[in-house]
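Here is the structure we will look at, set down as structure tokens.
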Amino acid sequence: MDRRSFLKHAGVTGGGLALASERARSAAAPAEIRVGIITEAKGPHLSIYLSAFGATPGIAGVAVADASSATFAEARARLGGRGASLQTYTDYVRMLREFRPELVLVSLAADHAPEPIVAALEAGCNVIAEKPACVRAADFERAVRAAETKQRYLMLAFANRRLPPAMKARELIQSEMLGKLYGVDMYTIADQTRLKNPEYQRAWYASKSRAGGGHLMWLGIHYLDLIQYISGDRIRQVTGFARNVGGTPIDVEDAAVVALQFAGGSVGTLHSGYYLDRGYHTRIMVWGSDGWLRFDHTAGTPLEWYSTRGGAPKGVQTVPYPPDPTSGYRGLVANAVAAARGVEAPAATGRECLDALRAVFGLYAASETGQAQTLA
Numbered sequence: 097m098d099r100r101s102f103l104k105h106a107g108v109t110g111g112g113l114a115l116a117s118e119r120a121r122s123a124a125a126p127a128e129i130r131v132g133i134i135t136e137a138k139g140p141h142l143s144i145y146l147s148a149f150g151a152t153p154g155i156a157g158v159a160v161a162d163a164s165s166a167t168f169a170e171a172r173a174r175l176g177g178r179g180a181s182l183q184t185y186t187d188y189v190r191m192l193r194e195f196r197p198e199l200v201l202v203s204l205a206a207d208h209a210p211e212p213i214v215a216a217l218e219a220g221c222n223v224i225a226e227k228p229a230c231v232r233a234a235d236f237e238r239a240v241r242a243a244e245t246k247q248r249y250l251m252l253a254f255a256n257r258r259l260p261p262a263m264k265a266r267e268l269i270q271s272e273m274l275g276k277l278y279g280v281d282m283y284t285i286a287d288q289t290r291l292k293n294p295e296y297q298r299a300w301y302a303s304k305s306r307a308g309g310g311h312l313m314w315l316g317i318h319y320l321d322l323i324q325y326i327s328g329d330r331i332r333q334v335t336g337f338a339r340n341v342g343g344t345p346i347d348v349e350d351a352a353v354v355a356l357q358f359a360g361g362s363v364g365t366l367h368s369g370y371y372l373d374r375g376y377h378t379r380i381m382v383w384g385s386d387g388w389l390r391f392d393h394t395a396g397t398p399l400e401w402y403s404t405r406g407g408a409p410k411g412v413q414t415v416p417y418p419p420d421p422t423s424g425y426r427g428l429v430a431n432a433v434a435a436a437r438g439v440e441a442p443a444a445t446g447r448e449c450l451d452a453l454r455a456v457f458g459l460y461a462a463s464e465t466g467q468a469q470t471l472a
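Take any residue in the sequence shown, note its place counting from 1, add 96, and you have its number in this note's numbering.
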């Protein structure tokens with residue numbers, strides 16, 4: 097049997113085994129799961145999550161644990177038909193013990209999140225947590241170990257992974273349409289208006305001890321994760337600056353510039369800041385030996401790509417997609433439910449999320465010391 101015939105035979109056989117495995121997994125999967133939500137007043141992105149859980153199939157029931165009880169009314173309203181049977185708790189430990197959810201969402205301030213995350217994992221739950229979910233990388237490392245010990249998934253809410261242009265970019269890069277990756281340029285810029293609001297200045301995300309960091313930790317981290325997702329390569333070294341350039345009375349950065357070195361040899365940059373009066377400016381640009389791609393998901397403009405590879409279409413290609421700022425979160429919730437049911441792989445692993453956190457904390461260390469940081 098020649099090599100081509102062998103590969104063809106192996107591909108068919110492997111595909112058949114994979115299909116049989118998928119069918120077996122689907123047959124054994126529960127039709128519906130219970131979802132627990134651990135949150136607090138003004139839990140980050142809570143309204144988006146509640147609406148998504150209300151609309152996602154495969155859920156038998158929902159419980160919310162909130163020590164303040166402040167979120168119960170909103171939960172009933174946003175869960176739609178599931179709101180009528182909502183179970184509420186003021187103690188998340190009791191919720192985990194009595195309701196016994198298969199999936200738990202943790203939507204808490206970063207400094208409040210580590211203990212509930214570990215408790216949920218140790219109770220045998222899969223966990224999706226609003227980022228950053230910690231103020232020290234060591235706290236999330238502990239959660240990752242708990243997930244691995246219990247053989248449950250843990251992922252941060254890196255919703256950009258579920259956006260159509262991000263998935264298309266990953267497809268193009270993984271199929272080697274760009275060849276060997278050379279460089280990356282990214283920026284994510286939000287409004288400075290929020291920083292001038294006294295209520296914002298008093299909130300947890302304006303405090304380094306409670307949030308772990310500022311713009312880079314809250315928004316820039318999405319891009320540090322996303323570039324590792326679409327490239328299939330890990331960030332190995334970071335350097336740069338994190339500063340409060342606007343001078344507002346917050347003790348976190350409103351601006352960060354990050355230089356990146358990837359394990360595969362490519363380099364990149366990320367500019368992350370609060371500069372605008374309103375709205376967002378975003379972009380991801382990737383160059384390789386045989387082409388390039390770029391997209392701006394907040395503007396909703398088509399993804400563009402170009403390749404000189406044999407068999408690639410000629411000229412610049414455009415891939416349109418509907419602009420929808422919440423589609424990533426809805427897709428992430430749908431994936432979290434499906435993964436907890438055992439019919440899909442989770443969109444991210446705990447280790448991948450830890451990589452993004454280490455890149456952020458590494459940049460902060462580089463900014464403070466003036467020395468590039470090599471990541472674990």
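Yeah, the Cβ is synthetic: ideal placement off N, Cα and C, and Gly gets one too.
Segment limits, alpha helix (DSSP H) that includes residue i
i    : result
G384 : Unbroken run through G384 is the beta strand (DSSP E), 377 to 384; no alpha helix (DSSP H).
F195 : Note, F195: premise wrong, no alpha helix (DSSP H); not H, not E.
T465 : 446 to 465
V412 : That residue, V412, is in no alpha helix (DSSP H); it is neither H nor E in DSSP.
K304 : 304 to 307
P294 : 294 to 298
Continuous beta strand (DSSP E) stretch holding residue i: start and end
i    : result
S164 : It is not in any beta strand (DSSP E) - S164 carries neither H nor E in the DSSP assignment.
F337 : 331 to 339
M251 : 250 to 252
Q473 : The displayed coordinates of the chain run from 97 to 472. Any statement about residue 473 would go beyond what the structure contains.
R130 : 129 to 135
Check whether residue i and residue j have beta carbons under 8 Å apart
i    : j    : result
P261 : I134 : no
S368 : L291 : no
G150 : M191 : no
A274 : L250 : A small fix is needed here, since residue 274 is Leu in this sequence, not Ala. Contact: no.
A242 : V214 : yes
A38  : Y376 : In the structure displayed, the chain extends from 97 to 472; residue 38 sits before or after that span and is not available.
G154 : S203 : no
A206 : A233 : no
L277 : S362 : yes
G336 : S143 : no
L146 : A265 : no
V231 : A125 : no
F358 : D329 : yes
A351 : R339 : yes
G488 : E244 : Residue 488 lies beyond the stretch modelled for the chain, which goes from 97 to 472, so this question has no answer here.
R478 : L453 : Outside the modelled stretch of the chain, which goes from 97 to 472, sits residue 478, for which no answer is possible.
Q288 : L372 : yes
A180 : P210 : no
For residue i, three-class secondary structure by DSSP
i    : result
Q288 : coil
L312 : helix
A180 : helix
D373 : coil
M282 : strand
G387 : strand
A114 : A caution first: A114 carries a pLDDT of 39, below 50, which makes its placement in the model unreliable, though a value can still be read off. Helix at A114.
G256 : In the sequence under discussion, the amino acid at residue 256 is Asn, which differs from the Gly named in the question. Helix.
A106 : With a pLDDT of only 34 at A106, under 50, the local geometry of the prediction cannot be trusted, and the value read off the model is given with reservation. In the structure shown, A106 sits in a helix (DSSP, three-state: H, G or I).
H318 : helix
G360 : coil
E400 : strand
N222 : strand
L94  : In the structure as shown, the chain starts at 97 and stops at 472, and residue 94 therefore has no counterpart that could be examined.
A240 : Note that residue 240 corresponds to Val in the displayed sequence, not to Ala. If DSSP states are grouped into helix, strand and coil, V240 belongs with the helices.
S423 : helix
L204 : coil
G157 : strand
V189 : helix
V354 : strand
L277 : strand
Residue closest to residue i, alpha-carbon to alpha-carbon, out of the options
i    : options                : result
A253 : G343, D392, V189, V200 : V200
A468 : I331, S164, G154       : I331
G360 : Q333, E244, L291, T186 : Q333
C449 : F236, T404, G309, G275 : F236
I83  : A166, A455, A430       : Given a span of 97 to 472 for the chain in the structure shown, any question on residue 83 remains unanswerable.
F457 : P140, T167, I317       : I317
E136 : T186, R172, G179       : T186
H311 : E244, F358, Y283, Y325 : Y283
D347 : Q297, Q270, E128       : Q297
R390 : D329, A434, Q413       : Q413
I129 : R172, Y301, R248, A436 : A436
G396 : S181, E349, V415, M381 : V415
P419 : H393, M313, G427       : H393
A255 : W401, A432, R238       : A432
P294 : G387, R379, T344, L471 : T344
Chain B contact for residue i (CB, 8 Å cutoff)
i    : result
F457 : The structure shown contains no chain B; it is built from a single protein chain.
Give a yes or no on contact between the stretch 157 to 168 and the stretch 184 to 198, applying the rule of three or more CB pairs nearer than 8 Å. Short answer: they touch.
Check whether the stretch 221 to 238 touches the stretch 430 to 443, counting contact only when three or more Cβ pairs, one atom from each stretch, lie closer than 8 Å. With the cut-off at 8 Å, the stretch 221 to 238 and the stretch 430 to 443 touch.
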